[in-house]
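Each residue of the sequence shown is one higher than the last, beginning at 166 in my numbering. For glycine and all other residues, C-beta sits at the position ideal for the given N, C-alpha and C.
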Amino acid sequence: MTALAIMRVGKLKSFGNVGGSEKHTARLQDTPNADPLKENIRLIGNNNDPSLEEIVKAKIAASTKHKPRKDAVLCSEIFLSASPEYFRPHDPDKAGEWNDKLMWNFANASTKWLQENFREKCVRAELHLDESTPHIHAYIVPVNDKTKKLSHKAMFGGDGKQASIKMSKLQDSYAKGLAHLGIERGVKGSKATHTKVKEYYQAVNQEPLTLELDRMAPKRGETAQQLFERIKADPKIQSINHQLADHRRIVELERRASQRAIASEKLRQQLEKRVIELEEDNFYWKQQADKLRDLPLEEVAWNLGLDKADIGENRWKGLGQVIGINGSKWYDFAEEKGGGGAIDLVMHVNNFNF
Numbered sequence: 166m167t168a169l170a171i172m173r174v175g176k177l178k179s180f181g182n183v184g185g186s187e188k189h190t191a192r193l194q195d196t197p198n199a200d201p202l203k204e205n206i207r208l209i210g211n212n213n214d215p216s217l218e219e220i221v222k223a224k225i226a227a228s229t230k231h232k233p234r235k236d237a238v239l240c241s242e243i244f245l246s247a248s249p250e251y252f253r254p255h256d257p258d259k260a261g262e263w264n265d266k267l268m269w270n271f272a273n274a275s276t277k278w279l280q281e282n283f284r285e286k287c288v289r290a291e292l293h294l295d296e297s298t299p300h301i302h303a304y305i306v307p308v309n310d311k312t313k314k315l316s317h318k319a320m321f322g323g324d325g326k327q328a329s330i331k332m333s334k335l336q337d338s339y340a341k342g343l344a345h346l347g348i349e350r351g352v353k354g355s356k357a358t359h360t361k362v363k364e365y366y367q368a369v370n371q372e373p374l375t376l377e378l379d380r381m382a383p384k385r386g387e388t389a390q391q392l393f394e395r396i397k398a399d400p401k402i403q404s405i406n407h408q409l410a411d412h413r414r415i416v417e418l419e420r421r422a423s424q425r426a427i428a429s430e431k432l433r434q435q436l437e438k439r440v441i442e443l444e445e446d447n448f449y450w451k452q453q454a455d456k457l458r459d460l461p462l463e464e465v466a467w468n469l470g471l472d473k474a475d476i477g478e479n480r481w482k483g484l485g486q487v488i489g490i491n492g493s494k495w496y497d498f499a500e501e502k503g504g505g506g507a508i509d510l511v512m513h514v515n516n517f518n519f
């Protein structure tokens with residue numbers, strides 16, 4: 166099967182989002198689906214660099230002439246990979262293994278593409294080797310060279326047709342950068358190739374969703390079309406959203422099921438599009454979690470039952486806590502502990518530890 170280039174682009178619209186993304190990609194927090202015995206590699210940037218939030222803030226200050234709009238995308242995150250057939254051509258289903266030479270060829274070609282297309286705007290790129298298939302997370306500060314303003318829209322497109330055209334050209338460019346490795350572009354013009362996504366990884370407090378391949382095997386007398394419809398209607402497939410702990414594993418398993426049963430190329434492409442549509446659902450729920458993090462902390466504090474304190478600037482008290490709020494950051498003076506974002510505040514006040 167032909168190896169395909171994979172590229173997704175997401176938006177980080179607050180510094181809380183930037184910090185949250187770094188926690189995952191730099192492994193600053195526990196990642197259940199990652200192998201702790203394998204080490205990731207920083208392709209762009211140094212291991213002793215300041216935090217990603219500090220780097221993005223400094224880049225914005227140095228490269229723009231205007232204060233970012235309230236709804237501006239502060240940083241764009243790009244996910245780069247190739248289908249498992251490239252990394253382990255002899256056994257694509259063997260998750261967690263790959264040919265080192267092929268992996269480094271991919272990493273070097275992808276790094277070159279990032280540097281040629283985004284130059285100094287690409288402030289960091291992480292090569293992840295501790296999951297099922299090697300992939301790269303790159304961070305771009307989307308400064309418009311003409312206006313000296315942040316503009317994710319100018320770089321990657323906004324919504325609708327404009328976004329599709331820009332993303333299609335970008336995917337063409339990335340596929341061209343990997344073509345010498347035998348990696349090809351996906352089906353051009355399909356809905357799947359123009360997907361905008363956010364970080365996808367682990368589910369919150371959920372076990373990874375797995376497929377029972379024996380149940381998905383062809384039944385006696387069942388046609389390829391009937392098998393396709395049965396797989397598509399399966400409850401586990403339909404419920405694939407934020408419960409995914411590692412959606413790449415699911416993609417591989419479903420592709421494996423399709424390869425056993427679907428003889429026609431047309432049906433294979435239909436199933437491939439369906440798989441990527443399921444990825445969209447997963448990314449959608451991740452984006453909803455990011456929106457929760459952006460809720461005004463004062464509103465969150467009030468809904469948690471805290472009262473505005475008379476002392477100090479923007480302090481809230483109750484439940485044995487005295488919490489100061491400054492923008493997207495909060496600090497508990499009673500416990501001498503702080504954090505950022507609405508989700509962290511809710512977890513802290515309610516003493517959740519997940």
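- Secondary structure note for Trp495: its beta strand (DSSP E) is the uninterrupted segment Lys494 to Asp497.
- Between the C-alpha atoms of His345 and His300 there is a straight-line separation of about 18 Å.
- With a contact defined as Cβ atoms closer than 8 Å, His302 and Ser241 miss out at about 11 Å.
- Counting only residues of its own chain and dropping the five nearest sequence neighbours on each side, Val511 has a CB closer than 8 Å to the CB of Val465, Leu469 and Phe517.
- Cβ neighbours of Gly483 within its own chain (closer than 7 Å, five residues either side excluded): Gly470, Leu471 and Asp472.
- When beta bridges are read from the DSSP output, Glu349 appears opposite Leu169.
- With respect to the C-alpha of Ala226, the residue from Asp337, Glu387 and Leu315 having the closest C-alpha is Leu315.
- Assigned with DSSP and collapsed to three states, Asn516 falls in coil, not helix or strand.
- For the pair Val288 and Ile396, the CB atoms are not nearer than the 9 Å cut-off.
- Under the DSSP assignment, Ser186 falls in the alpha helix (DSSP H) whose first and last residues are Phe180 to Thr190.
- About 11 Å separates the CB atoms of Trp269 and Phe252; that is not less than 8 Å, and the two are not in contact.
- The shortest CA-to-CA distance from Glu500 to any of Lys494, Leu267, Ile488 and Gly506 is the one to Ile488.
- The beta carbon of Thr229 is closer than 7 Å to those of Val308, Lys313, Lys314 and Leu315 in its chain, skipping five residues each way along the sequence.
- Here Pro257 is buried. Its C-beta has 16 or more other C-beta atoms within 10 Å.
- Contact check for Lys311 against Lys224 fails: the beta carbons are separated by 9 Å or more.
- Straight through space, the alpha carbons of Gln434 and Phe448 are spaced by roughly 21 Å.
- With respect to Asn182, Asp446 sits apart: the two C-beta atoms are not nearer than 9 Å.
- Rounded to the nearest angstrom, the Cβ distance from Gly342 to Ala274 is 6 Å, consistent with a contact under 8 Å.
- Selection Tyr339, Gly347, His513 and Ala398 evaluated against Val440 yields Ala398 as nearest (Cα-Cα).
- Around the CB of Lys235, fewer than 16 other CB atoms lie within 10 Å, so the residue is classed as exposed.
- Excluding its 5 nearest sequence neighbours in each direction, His293 has C-beta neighbours in its own chain below 6 Å: Asn205 and His300, listed in chain order.
- Boundaries around Gln486 are those of the beta strand (DSSP E), Gln486 to Asn491, since no alpha helix (DSSP H) includes it.
- Shown here for Phe180: same chain residues with a beta carbon closer than 6 Å to its own, the five before and five after excluded, namely Glu218 in chain order.
- Glu291 is the residue among Ser248, Lys203, Glu291 and Leu245 whose C-alpha sits nearest the C-alpha of Lys188.
- From the listed residues Ser186, Gly505 and Leu443, the smallest Cα separation to Lys176 is found for Ser186.
- Separation of the CB atoms of Glu296 and Asn198 is rounded to 6 Å, and the pair is thereby assigned contact status at 8 Å.
- Following the DSSP letters along the chain, one finds His231 in no alpha helix (DSSP H), marked with neither H nor E.
- Secondary structure at Arg385: coil, using DSSP grouped into helix, strand and coil.
- Under the three-state reduction of DSSP, Leu292 is assigned to strand.
- When DSSP reads this structure, Val174 sits in a beta bridge with Ile243.
- Taking C-beta atoms under 8 Å as the contact rule, Gly505 and Ser493 qualify, at a distance of about 5 Å.
- Ranked by Cα distance from Gly261, the options Leu202, Phe271 and Ser216 are led by Leu202.
- Under the DSSP assignment, Leu279 falls in the alpha helix (DSSP H) whose first and last residues are Asp265 to Phe283.
- By alpha-carbon distance to Asn213, the top candidate from Gln453, Ala191 and Lys232 is Ala191.
- Looking at the DSSP output, Leu315 sits in a beta bridge with Val308.
- Counting only the Cα atoms, Leu245 lies some 10 Å from Gln336.
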